[in-house]
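A short worksheet on the structure shown next.
There are 2 protein chains.
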Amino acid sequence: MGERSERIAGASVTLLDVAKAAGVSLATASRALNGSTRRVRPDLHERVLAAAESLHYSANAQAQAMARGRTNIVGLVLSDVADPYFSSIAAGAIRAAEEEQLVVTMACTFGREERELEYVAALRGQRARAVIVVGSRVQDRGLLDRLAAEVREFEQAGGRVAFVSQRKIPADTVVVENRGGAKALAEALCGLGHRRFAVLAGRSDLLTARDRTTGFREGAARAGVRIDAADVVYGGFTRDGGYAAMIELLDRGTEATCVFAVNDVMAVGAMAALRDRGVELPSGMAVAGFDDIATLRDVTPALTTVRLPLEELGAGAMAMVVQEPAEQPRIRRVRGEVVLRESTPLLA
Amino acid sequence: MGERSERIAGASVTLLDVAKAAGVSLATASRALNGSTRRVRPDLHERVLAAAESLHYSANAQAQAMARGRTNIVGLVLSDVADPYFSSIAAGAIRAAEEEQLVVTMACTFGREERELEYVAALRGQRARAVIVVGSRVQDRGLLDRLAAEVREFEQAGGRVAFVSQRKIPADTVVVENRGGAKALAEALCGLGHRRFAVLAGRSDLLTARDRTTGFREGAARAGVRIDAADVVYGGFTRDGGYAAMIELLDRGTEATCVFAVNDVMAVGAMAALRDRGVELPSGMAVAGFDDIATLRDVTPALTTVRLPLEELGAGAMAMVVQEPAEQPRIRRVRGEVVLRESTPLLA
DNA sequence: GCCCTGCAGGAATGCGCATTCCCCCACCCG
DNA sequence: CGGGTGGGGGAATGCGCATTCCTGCAGGGC
């Protein structure tokens, strides 16, 4: 039980230790290390820094947070980091956070949407400075209300909240112009000569998926093309969902010359399905996606899609929560850009 | 300045508020909410819970951490979440953390390796319970020593540390059998009839890249095939690195019938380069990668690779830091599995 | 009927730090 | 040379909570 074992037990160096070593008071040590409004005489300042250095002092962030009444924590809630869409957004957010000296804690719902609630609550417990909820998929009215309540609670406690890609809850939001992007895409595809489309629409309860479907329909309509309900297939928002939906479409027998999957990952699944069914690409079927996932830029034929500045979405949300809150929820719109590639050749 | 504005100012409900509302002491409220060794009379217990509920009480995690002397934070340090390799590992770690009620904070070095140091130091400041460093690329001897020192410091303070994929610093580590996997891959490719290989070796200062190159050479040697130094091209460990290396190889003029890129992302870049140069795949050149990145499973021709259980790497590291520390650093070995696909057809 | 034991509630303490308040001292002005 | 002023050091306070210690009370054994 001597001093030695106490140190081994994990007792870390405190500010008081530093102060003693420097021969100053705790207050002075604190001021020297943090640079408060009060100034410290240069020689003492120096001594404190030297003492801290030699003792390997590391300020206890918890204690600082408590004394200051705020933290540098920002929570990031998303459905799955392994999904390239989300991981890109996360990367953007993290990059932006670093510039602001913020610490990012990440939580994934992995499809269980009620966890969004738990995480926001947990982050309130952490007294996180802000929370960013990416691509909330909450649809259930009750759940949505509870999430909205939790968000209010979080804000009541002085925290900032931003969403990426939702519009149900009144809060700062980075809105992706899914509808506009899909519309532009449809118009471009019509410009290539297509007159008959199929849509792999993903989950019908996802706002993002719905918006893209709607926008695509609008764009087609604008070019005088109607999309038959029979040519719209719902399913998972994933690669396998795209695969399955494409198979179903083929089984039904479609006359479409071009299929639009509401995201790139699904489009790739659809391409796999087409190949498995012996359809030649792109001659046998044109395929388009959405997002322009970087990792998928080398699939063949190269995928026509709508490019989204994913990292900017995350960075933009971070920027919003760093700013002072506005009276009105802020909306930051992000546009996509149609990128035509080989998967949708000019129709002969 | 009435009560109302005080609440707006962000003052949150404290345990004391709950205790008062329930008509009990702070100690009792604490015991009721946390279930300590001491028990609370059922009716009081009930009252406290009800009060906490109605006040929307959320315990201040910082204060709890300070009072308890420990946190539930685990830090995850990696180079880039947007990279599918790392994001998969992160997903595994996060999933495992959730089961243990741990909060994951993530930091990315984005290629600046010295940040690993800063982050480990910062996590010590957070009094994180553990830190997991994934794929440390630190090579510089000085930096490495400082990282090792920082790690010791962290452990001194009572924290747990684990690495994924390194072997320079004595600490719990999840080791990927890069060498063995690459060796097995080379043997399999030789089995397909190849006798002349090229290697896109990535960054020469990355242990992972080097091990894979070495292993591949060993495997080939075992089948009696020597790989010429001229057929090994170094470059970035990224898609663009793979592309550039492949171009360089083609410009040099290689006689290889099969090119091994030390990771899938590079392999995809190489495939793009080959296509751009008019080489037909897989007939004109066989291509193999490493990792079996999920997002890339649908490239054409389907990529032969070594499948790594990426999520398990993250989860395994998390499991290690949750366990009690051993006297000796633990090593957890993870094997890869050769997956032959169409990108490496049987040679005629 | 009394004392001892065990249980449970409450007051008090301390975690590590920022910050406020107090006070001393040096310097400047008159 | 005295009083005023300001800069800066140090003691004390409090952040929100877990936990220890103290105390009161009920129940059981003699």
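So the sequences go chain by chain: A and B. The opening residue of the first sequence carries number 470 in our numbering; numbering runs sequentially from there. The opening residue of the second sequence carries number 470 in our numbering; numbering runs sequentially from there. Cβ atoms here follow ideal geometry from the backbone N, Cα and C, with glycine treated the same way.
Would you identify the three-state DSSP class for Thr677 of chain B, choosing helix, strand or coil?
-> One-based indexing of the second sequence puts residue 677 of chain B at position 208. Helix.
So with Cβ pairs under 8 Å, would you call Leu765 of chain B a contact of chain A?
-> For the purposes of this step, residue 765 of chain B is identified with residue 296 of the second sequence, where counting begins at 1. Closer than 8 Å to some Cβ of chain A, the Cβ of Leu765 of chain B qualifies, so yes.
Exposed or buried, which one is Arg598 of chain B when buried takes at least 16 other CB atoms within 10 Å?
-> One-based indexing of the second sequence puts residue 598 of chain B at position 129. Around the C-beta of Arg598 of chain B, 16 or more other C-beta atoms lie within 10 Å, and the residue is accordingly described as buried.
State the DSSP-derived secondary structure class of Asp761 of chain B, mapped to helix, strand or coil.
-> The residue given as residue 761 of chain B occupies position 292 in the second sequence. Under the three-state reduction of DSSP, Asp761 of chain B is assigned to coil, being neither helix nor strand.
For the alpha helix (DSSP H) that contains Gly710 of chain A, what are its first and last residues?
-> Your numbering for residue 710 of chain A matches position 241 in the first sequence. Annotation: the continuous alpha helix (DSSP H) that includes Gly710 of chain A extends over Arg708 to Arg721.
What residues from the segment 513-533 of chain B come within 8 Å of chain A, judged by C-beta to C-beta, listed N to C?
-> Within the segment 513-533 of chain B, contact with chain A at the beta-carbon level (separation under 8 Å) is assigned to His525, Ser527, Ala528, Asn529, Ala530, Gln531 and Ala532.
Applying a beta-carbon distance threshold of less than 7 Å, which residues of chain A neighbour Glu622 of chain B?
-> Translated into positions along the second sequence, residue 622 of chain B becomes position 153. Chain A residues near Glu622 of chain B: His525.
On the DSSP bridge assignment, give the partners of Met575 of chain B in chain order.
-> Sequence index remark: in the second sequence, residue 575 of chain B carries index 106 (1-based). Checking the DSSP bridge columns, you'll see Met575 of chain B partnered with A:Val573 and B:Leu545.
Would Arg880 of chain B count as contacting chain A if we go by Cβ distances under 8 Å?
-> Examination of residue 880 of chain B is not possible in this model, given that chain B is present from 470 through 817 alone.
Chain B within 8 Å of Ser556 of chain A, Cβ atoms only | Locating residue 556 of chain A in the first sequence gives position 87, counting from the first residue. It does: the Cβ of Ser556 of chain A has a partner Cβ on chain B nearer than 8 Å.
Hey, how far is the Cα of Ser474 of chain A from the Cα of Ser523 of chain A?
-> In the first sequence, residue 474 of chain A corresponds to position 5, counting from 1. In the first sequence, residue 523 of chain A corresponds to position 54, counting from 1. A caution first: Ser474 of chain A carries a pLDDT of 32, below 50, which makes its placement in the model unreliable, though a value can still be read off. Those two C-alpha atoms are separated by around 21 Å.
To the nearest angstrom, report how far apart Tyr712 of chain A and Ala667 of chain A are at their CA atoms.
-> For the purposes of this step, residue 712 of chain A is identified with residue 243 of the first sequence, where counting begins at 1. For the purposes of this step, residue 667 of chain A is identified with residue 198 of the first sequence, where counting begins at 1. Cα to Cα, Tyr712 of chain A sits roughly 14 Å from Ala667 of chain A.
Which residues of chain B have a Cβ atom closer than 7 Å to the Cβ of Asn481 of chain A, listed in chain order?
-> Position 12 of the first sequence, counted from the first residue, corresponds to residue 481 of chain A. According to the sequence provided, residue 481 of chain A is Ser. The question's Asn does not apply to it. Neighbours of Ser481 of chain A across chain B, judged by C-beta separation under 7 Å: Ala626.
Taking Leu743 of chain A as part of the beta strand (DSSP E), name the residues at either end of that continuous run.
-> Residue mapping note: residue 743 of chain A aligns to position 274 of the first sequence, counting from 1. For Leu743 of chain A, no beta strand (DSSP E) encloses it; the enclosing alpha helix (DSSP H) starts and ends at Asp733 to Asp745.
Short Cβ contact (8 Å threshold) for Val633 of chain B with Val643 of chain B | Stepping through the second sequence from its first residue, residue 633 of chain B is reached at position 164. Stepping through the second sequence from its first residue, residue 643 of chain B is reached at position 174. With respect to the 8 Å criterion, Val633 of chain B and Val643 of chain B are classified as neighbours on the basis of their beta carbons.
Contact with chain B by Gln595 of chain A, beta-carbon distance below 8 Å = Reading the first sequence from its first residue, position 126 is the one you call residue 595 of chain A. Yes - at least one Cβ of chain B is within 8 Å of the one on Gln595 of chain A.
Where Met575 of chain B meets chain A, residues with beta-carbon distance less than 7 Å = Sequence index remark: in the second sequence, residue 575 of chain B carries index 106 (1-based). Here the neighbours are Ile563, Val573 and Met575.
Helix, strand or coil for Ala478 of chain B per DSSP?
-> Looking up residue 478 of chain B in the second sequence gives position 9. In this prediction, Ala478 of chain B scores a pLDDT of 43, lower than 50, which makes its location untrustworthy; no coordinate-derived value is stated.
Could you please give the first and the last residue of the uninterrupted alpha helix (DSSP H) stretch that includes Tyr526 of chain B?
-> Residue mapping note: residue 526 of chain B aligns to position 57 of the second sequence, counting from 1. Where Tyr526 of chain B is concerned, there is no enclosing alpha helix (DSSP H), because DSSP gives it neither an H nor an E.
Leaving out the 5 sequence neighbours to the left and right, which residues in its chain are closer than 6 Å to Tyr703 of chain B when beta-carbon positions are compared?
-> As a first step, residue 703 of chain B must be located in the second sequence, where it is residue number 234. Closer than 6 Å at Cβ, skipping near neighbours: Ala670 and Ser673.
For Gly671 of chain A, three-class secondary structure by DSSP = Taking the first residue of the first sequence as position 1, residue 671 of chain A is located at position 202. DSSP places Gly671 of chain A in strand when its eight states are reduced to three.
Among the residues of its own chain, which have a CB less than 6 Å from the CB of Tyr588 of chain B, if the five just before and after it don't count?
-> If you number the second sequence from 1, residue 588 of chain B lands on position 119. So the list reads Val546 and Ala576, once near-sequence residues are dropped.
In terms of DSSP beta bridges, what is Arg801 of chain A paired with?
-> The residue given as residue 801 of chain A occupies position 332 in the first sequence. Bridge partners of Arg801 of chain A: A:Val643.
Along the alpha helix (DSSP H) that carries Arg621 of chain B, what are the first and last residues, could you check?
-> Here residue 621 of chain B corresponds to residue number 152 of the second sequence, with the count starting at 1. Taken as a continuous stretch (DSSP letters only), the alpha helix (DSSP H) holding Arg621 of chain B covers Arg610 to Gln625.
Chain-ordered chain A contacts of Asp614 of chain B [CB-CB under 9 Å] = As a working mapping, residue 614 of chain B is identified with position 145 in the second sequence. Ordered by position in chain A, no residue passes the 9 Å Cβ test against Asp614 of chain B, which lies about 15 Å from the chain.
Tell me whether Thr773 of chain A sits in a helix, a strand or coil according to DSSP, three-state version.
-> Reading the first sequence from its first residue, position 304 is the one you call residue 773 of chain A. Looking at Thr773 of chain A - three-state DSSP - the assignment turns out to be strand.
Any 3 or more C-beta pairs closer than 8 Å across the segment 685-699 of chain A and the segment 760-777 of chain A = They do not touch, by the three-pair rule.
Pro798 of chain A Cβ short of 7 Å to the ligand NAD heavy atom set = For the structure depicted, the ligand NAD is absent and the ligand set is empty, with no information on it obtainable.
Please report the Cβ distance between Leu782 of chain B and Val803 of chain B, rounded to the nearest whole angstrom; I am assuming they are in contact, meaning their Cβ atoms lie under 8 Å.
-> Along the second sequence, one-based indexing puts residue 782 of chain B at 313. Along the second sequence, one-based indexing puts residue 803 of chain B at 334. That pair is a contact at about 6 Å.
With C-beta atoms as the reference, is Ala560 of chain A less than 8 Å away from Val550 of chain B?
-> Along the first sequence, read from residue 1 onward, the residue named residue 560 of chain A stands at position 91. Along the second sequence, read from residue 1 onward, the residue named residue 550 of chain B stands at position 81. Cβ distance < 8 Å, so Ala560 of chain A and Val550 of chain B count as in contact.
Between Leu571 of chain B and Ala496 of chain A, what straight-line distance do the alpha-carbon atoms span, to the nearest angstrom?
-> Working through the second sequence from its first residue, we reach residue 571 of chain B at position 102. Working through the first sequence from its first residue, we reach residue 496 of chain A at position 27. Leu571 of chain B and Ala496 of chain A: Cα-Cα distance of roughly 34 Å.
Endpoints, the beta strand (DSSP E) within which Thr806 of chain A is located = Translated into positions along the first sequence, residue 806 of chain A becomes position 337. Per the sequence presented here, residue 806 of chain A reads as Glu, with Thr not at that position. For Glu806 of chain A, the enclosing beta strand (DSSP E) covers residues Glu806 to Val808.
6 Å Cβ shell around Ile696 of chain B - same chain, five flanking residues per side excluded = For the purposes of this step, residue 696 of chain B is taken as the residue at position 227 of the second sequence. Within the same chain, Ile696 of chain B has close Cβ partners Phe666, Arg686 and Ala689.
Output the distance between the C-alpha atoms of Glu749 of chain B and Leu743 of chain B, rounded to the nearest integer angstrom.
-> Along the second sequence, read from residue 1 onward, the residue named residue 749 of chain B stands at position 280. Along the second sequence, read from residue 1 onward, the residue named residue 743 of chain B stands at position 274. In a straight line, the C-alpha of Glu749 of chain B is about 7 Å away from that of Leu743 of chain B.
Between Pro553 of chain A and chain B, is there a C-beta pair that is closer than 8 Å?
-> Indexing the first sequence from 1 puts residue 553 of chain A at position 84. Yes, contact with chain B.
For Ile696 of chain A, which beta-bridge partners are listed by DSSP?
-> Mapped onto the first sequence, residue 696 of chain A falls at position 227. The partner list for Ile696 of chain A (beta bridge, DSSP) is empty, contrary to what the question assumes.
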